[in-house]
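In the numbering used here, the protein residues as written are 74 to 280.
Written out as structure tokens, the structure is:
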């Protein structure tokens, strides 16, 4: 375990029959208590999410596992850790299209400008129930559910970020292997109340 290591956390979800993988980055502080670094990160994330992280999301959204990747120094394998199955609890016989997403914006103390990197991060969340939007805008109850989910990540990894701290990460363009060029600590989060589209979720487009 090394202070300053950067971990990419991906939440492996299914939205109906479509796989979705929203994520975020953690930087290691004091670290976990075990011997396998990625297991420590996975344990911290699973504990933070708790038993019912998808309350208020569509019943067709499920969380299957947590994928932990070593972004920096990039020397350790990526490992998938199964979670206890969590599902949304909002009845949803007519869900939104699979590319529809709600956006959590992770704010840092850095002002976005030319030449500044990792100033703002976004997590695109699937699982907006049909009654969670009105004319393309997120309903107040679903915004509350989205805020509660974001807080599950923010509270332990920002407010009480002792072992791992939530950061926005920027990667060096076209780097092979992929390398980190900038990281900045998250200080707050905001929600976008518009139903957005995450193009990589569109059926039949890309992989």
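Note that CB positions come from ideal geometry on N, CA and C, so glycine has one too.
For this session: Could you check the C-alpha separation between residue 96 and residue 212 for me, to the nearest Å?
Result: Within the chain shown, residue 96 is the residue found at index 23, counting from 1. Within the chain shown, residue 212 is the residue found at index 139, counting from 1. Going by the C-alpha atoms only, they are around 23 Å apart.
Problem set entry | C-alpha distance - residue 86 paired with residue 227, whole-angstrom precision | Position 13 of the chain shown holds residue 86. Position 154 of the chain shown holds residue 227. In this structure, the CA atom of residue 86 is about 20 Å from the CA atom of residue 227.
For this session: Please check the pair residue 216 and residue 154, which I expect to be a contact at CB under 8 Å, by giving their CB distance rounded to whole angstroms.
Result: Taking the chain shown and counting its residues from 1, one reaches residue 216 at position 143. Taking the chain shown and counting its residues from 1, one reaches residue 154 at position 81. Residue 216 to residue 154, Cβ: 30 Å. No contact.
For this session: Starting from the C-beta of residue 245, find all residues in its chain whose C-beta is less than 8 Å away, skip the five residues before and the five after it, and write them out in chain order.
Result: Here residue 245 refers to the residue found at position 172 of the chain shown. Hits under 8 Å: 251, 252, 253 and 254.
Exercise. Going by other Cβ atoms of all chains shown within 10 Å of its Cβ, with 16 needed for buried, is residue 229 buried or exposed?
Worked result: For the purposes of this step, residue 229 is taken as residue 156 along the chain shown, with counting starting at 1. Result: buried.
Exercise. Is DSSP giving residue 201 helix, strand or coil here?
Worked result: The residue given as residue 201 occupies position 128 in the chain shown. It is coil, neither helix nor strand.
Problem set entry | Span of the alpha helix (DSSP H) around residue 122 | Reading the chain shown from its first residue, position 49 is the one you call residue 122. Residues 110–122.
Exercise. Of all the alpha helix (DSSP H) runs that stay within the bounds of the stretch 208–253, which reach a length of 4 or more residues?
Worked result: The alpha helix (DSSP H) runs of length 4 or more contained entirely in the stretch 208–253 are, from start to end of the chain, 213–227.
Exercise. By a C-beta neighbour count over all protein chains shown, 10 Å radius and 16 as the cutoff for buried, is residue 163 buried or exposed?
Worked result: Here residue 163 is taken as the residue at index 90 of the chain shown, counted from 1. Looking at its Cβ environment, which holds 16 or more other Cβ atoms inside 10 Å, residue 163 is buried.
Problem set entry | Extent of the continuous beta strand (DSSP E) to which residue 189 belongs | As a working note, residue 189 is residue 116 in the chain shown. If you look at residue 189, you'll find it isn't in any beta strand (DSSP E); DSSP assigns it neither H nor E.
Problem set entry | Segment limits, beta strand (DSSP E) that includes residue 137 | Position 64 of the chain shown, counted from the start, is the residue given in the question as residue 137. Its beta strand (DSSP E) spans residues 134–145.
For this session: Would you identify the three-state DSSP class for residue 278, choosing helix, strand or coil?
Result: One-based indexing of the chain shown puts residue 278 at position 205. Residue placement at residue 278 is flagged as unreliable, the pLDDT there being 39, under the threshold of 50; the coordinate-derived value follows with that caveat. Correct three-state label for residue 278: coil.
Problem set entry | Environment of residue 210 [buried if 16+ CB atoms lie within 10 Å] | In the chain shown, the residue the question calls residue 210 occupies position 137. By the neighbour-count rule (16 or more Cβ atoms within 10 Å), residue 210 is not buried but exposed.
Problem set entry | residue 115 versus residue 93 - alpha carbon distance | Along the chain shown, read from residue 1 onward, the residue named residue 115 stands at position 42. Along the chain shown, read from residue 1 onward, the residue named residue 93 stands at position 20. Rounded to whole angstroms, the gap between the alpha carbons of residue 115 and residue 93 is 18 Å.
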